[in-house]
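J.: Protein chains in written order, with the working numbering: chain A, 1 to 253; chain B, 254 to 506.
C-beta: ideal position from N, C-alpha, C; glycine also.
Predicted model, so just to flag it, every value in this text is computed and none were measured.
Protein chains: 2
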Amino acid sequence: MTDGAGEVVTAVTAALLVVGDEILSGRTKDKNIGHVAENLTLAGIDLREVRIVPDVEEEIVAAVNALRARYTYVFTTGGIGPTHDDITADCVAKAFGVPIAVDERAVAMMLERHKREDLNEARLRMARIPKGASLVDNPISRAPGFRLENVVVMAGVPAIMQAMLDNVLPTLTKGIPVTSQTIDASGVPEGLYAAGLQTIAARHPSLSIGSYPSFGPSGFTNQIVVRGRDLDAVARARAEIGAHIEELRARKA
Amino acid sequence: MTDGAGEVVTAVTAALLVVGDEILSGRTKDKNIGHVAENLTLAGIDLREVRIVPDVEEEIVAAVNALRARYTYVFTTGGIGPTHDDITADCVAKAFGVPIAVDERAVAMMLERHKREDLNEARLRMARIPKGASLVDNPISRAPGFRLENVVVMAGVPAIMQAMLDNVLPTLTKGIPVTSQTIDASGVPEGLYAAGLQTIAARHPSLSIGSYPSFGPSGFTNQIVVRGRDLDAVARARAEIGAHIEELRARKA
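Structure (structure tokens):
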């Protein structure tokens, strides 16, 4: 990517893999995608793709391998609990072709919450970590997430996932954060400003310029969002779009 | 798939492709995935995969082609408005290798909302429909969605997407709806019932049995969900799991 000053900026990219039948059936409404998206954006990491797959080994393995080859980082949520449907850690081990076994570092963490005699086979399942992975601390229920090469495996329970993301983010390579500016175009229909917006967008190829209508009781409200890593270009595009919207408003009035 | 009675049930499957930079940046929180998941499940259509991709032609084309080859239906949301970042219809045409042009049926629908002189180039963009597609009515702002073979293209604005889904669902092949039963296991830790649940799950290979913890101010609450198309098997598994949880509760008390 080339920014406005001609400097080459290598983007740090990511994908998110959400594992879970319960999201695909609609029983559970995902709360993790938006949180991960927002926090990666703040860290200058471009979330480029999200996939939601069921609790099926071949689907998870295939998705992990497709995504880890393409993006700087892959984050997964879900499927690392103690029950039979929690198969994400095994699938990640399989995707990398490494063994998985009970990890004494994870057991030590879990002993902060459980007595040793309560660490039955099911709970020890949560201490099974692929060989070569580093652990991601879980301050809530102790059973850790982990990172294996560029794949970060997190819990599906939102509070735990958020804590794990907070713990792992400082250890990752960050990019230059994207700056975003919003122009409120309410009252001016998208169909009226589309042509002008396209012209402005063409003048700023390094920026992403989007128009986002929403529909509520009072009809459509539109917002135009300018995003990019070049602060000056973002400010220029914002001013040009603002002037165009004002002109259209004046023409209507 | 073989159900309890040995009858072969061919599953009707689907994928959802969400198009939009704004979801990946975290600016907009998706509200469509949960709605589509819930309504497809009610219609007996198994949502097997969701992908979120950016407003980038090659990404959308690749995802449409990967998904339409794998599933009975593919639904897309987003990217069919009048602005330059709305490229979903063109991408679907490209994925199928068919031409796309302004469709007089779509223009007729849009004339119910707009005067002909207001149908400028940007608005007519919303009437561009790939050759061979049937239209999906949009009762809110008229610009239609469309269906081309097994791909259904819908708006991203939730109210419009929901209306389009309501309009297209009756025209699709439905499967046998999945029945779902929930057992409240609150107060019994997952780590205690995991082994028993695995044994019960192994007795009912035609069912999907999941354990879903959530974490709130009062700690963890767990729910166990049994899903399947064989009503008797679902009822049997539910009774077995309920008895197991009661036994564990009694043992703790």
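Output needed in chain order: residues of the stretch 71 to 98 of chain A with a Cβ under 7 Å from some Cβ in chain B.
T.: Gly81, Pro82, Thr83, His84, Asp85
J.: If you measure from the CB of Pro82 (chain A), is any heavy atom of the ligand PLP nearer than 7 Å?
T.: Here there are no bound small molecules, and the ligand PLP is not part of this structure.
J.: Report yes or no: do three or more beta-carbon pairs, one from the stretch 410 to 422 of chain B and one from the stretch 454 to 466 of chain B, lie closer than 8 Å?
T.: no
J.: Measuring CB to CB, does Met110 (chain A) end up less than 8 Å from Arg123 (chain A)?
T.: In contact: Met110 (chain A) and Arg123 (chain A) (Cβ atoms closer than 8 Å).
J.: Near Arg491 (chain B), what residues of its chain come up, given a Cβ to Cβ distance below 7 Å and the 5 sequence neighbours on each side ignored?
T.: Cβ neighbours of Arg491 (chain B) beyond the five flanking positions: Gln434, Ile436, Val479.
J.: Suppose the cutoff is 6 Å on Cβ atoms and the five residues either side in sequence are ignored; what does the same chain contact list for Thr474 (chain B) look like?
T.: Ser439, Ser467
J.: Assuming Ile286 (chain B) and Leu269 (chain B) form a contact by the criterion Cβ under 8 Å, report the distance between their Cβ atoms to the nearest whole angstrom.
T.: 6 Å
J.: Give a yes or no on whether the minimum CB-CB distance between Gly287 (chain B) and chain A is below 8 Å.
T.: With 8 Å as the cut-off, Gly287 (chain B) counts as an interface residue toward chain A.
J.: What's the C-alpha gap between Thr209 (chain B) and Val272 (chain B)?
T.: Lying before the first or after the last residue shown, residue 209 (chain B) is absent from chain B, which here runs from 254 to 506.
J.: Three-state secondary structure (DSSP) at Ala437 (chain B)?
T.: The amino acid at residue 437 (chain B) is misidentified as Ala; the sequence shows Asp. Strand at Asp437 (chain B).
J.: For Glu500 (chain B), which beta-bridge partners are listed by DSSP?
T.: None, per the DSSP bridge assignment.
J.: Classify Asp232 (chain A): buried if its beta carbon has 16 or more other beta carbons within 10 angstroms, exposed otherwise.
T.: exposed
J.: Express the C-alpha separation of Thr426 (chain B) and Asp230 (chain A) in angstroms, rounding to a whole number.
T.: Rounded to whole angstroms, Asp230 (chain A) to Thr426 (chain B) spans 49 Å at the Cα level.
J.: Would you list the residues sitting across from Phe75 (chain A) in a DSSP beta bridge?
T.: A:Leu16, A:Val152
J.: Run down chain B in chain order and give the residues with a C-beta less than 7 Å from the C-beta of Pro54 (chain A).
T.: Per Cβ cutoff of 7 Å: Arg301.
J.: List, in chain order, every chain B residue whose beta-carbon is nearer than 8 Å to that of Lys291 (chain A).
T.: Chain A is shown only over 1 to 253; residue 291 (chain A) falls outside these bounds and no answer can be derived.
J.: Relative to the alpha-carbon of Ile494 (chain B), which residue among B:Ala454, B:Gln415, B:Gly469, B:Arg366 has its alpha-carbon at the smallest distance?
T.: B:Ala454
J.: Have a look at Gly4 (chain A) and Thr41 (chain A) and give me their C-alpha separation to the nearest angstrom.
T.: Bear in mind that the predicted position of Gly4 (chain A) carries a pLDDT of just 40, short of 50, making it unreliable; the figure below should be weighed with that in mind. Straight-line Cα distance between these residues: approximately 20 Å.
J.: Applying the 10 Å Cβ sphere with the 16-neighbour rule, what's the burial state of Gly132 (chain A)?
T.: exposed
J.: Pick from B:Asp356, B:Glu370, B:Arg369, B:Pro430: whose alpha carbon is nearest that of Pro397 (chain B)?
T.: B:Asp356
J.: Which value, in whole angstroms, describes the spacing of the CA atoms of Ala163 (chain A) and Asn373 (chain B)?
T.: 50 Å
J.: Among B:Ala448, B:Tyr446, B:Val406, B:Ala488, whose alpha-carbon lies nearest the alpha-carbon of Tyr326 (chain B)?
T.: B:Val406
J.: Taking 8 Å as the threshold, find out whether the stretch 186 to 197 of chain A comes into contact with the stretch 308 to 321 of chain B through three or more Cβ pairs.
T.: no
J.: Do you know whose CA, among B:Tyr324, B:Gly332, B:Asn420, B:Glu312, lies nearest Ala348 (chain B)'s CA?
T.: B:Glu312
J.: Using the Cβ count rule (16 or more neighbours within 10 Å means buried), how would you classify Pro392 (chain B)?
T.: exposed
J.: For Asp419 (chain B), tell me which candidate among B:Phe328, B:Asp371, B:Gly334 has the shortest Cα-Cα distance.
T.: B:Phe328
J.: What do you reckon, are the CB atoms on Gly428 (chain B) and Val289 (chain B) nearer than 8 Å?
T.: Taking C-beta atoms as the reference points, Gly428 (chain B) and Val289 (chain B) fail to come closer than 8 Å.
J.: Which partner residues does Gly228 (chain A) have in the DSSP bridge list?
T.: A:Thr179
J.: Which first and last residues belong to the alpha helix (DSSP H) in which Leu197 (chain A) is found?
T.: 190 to 203
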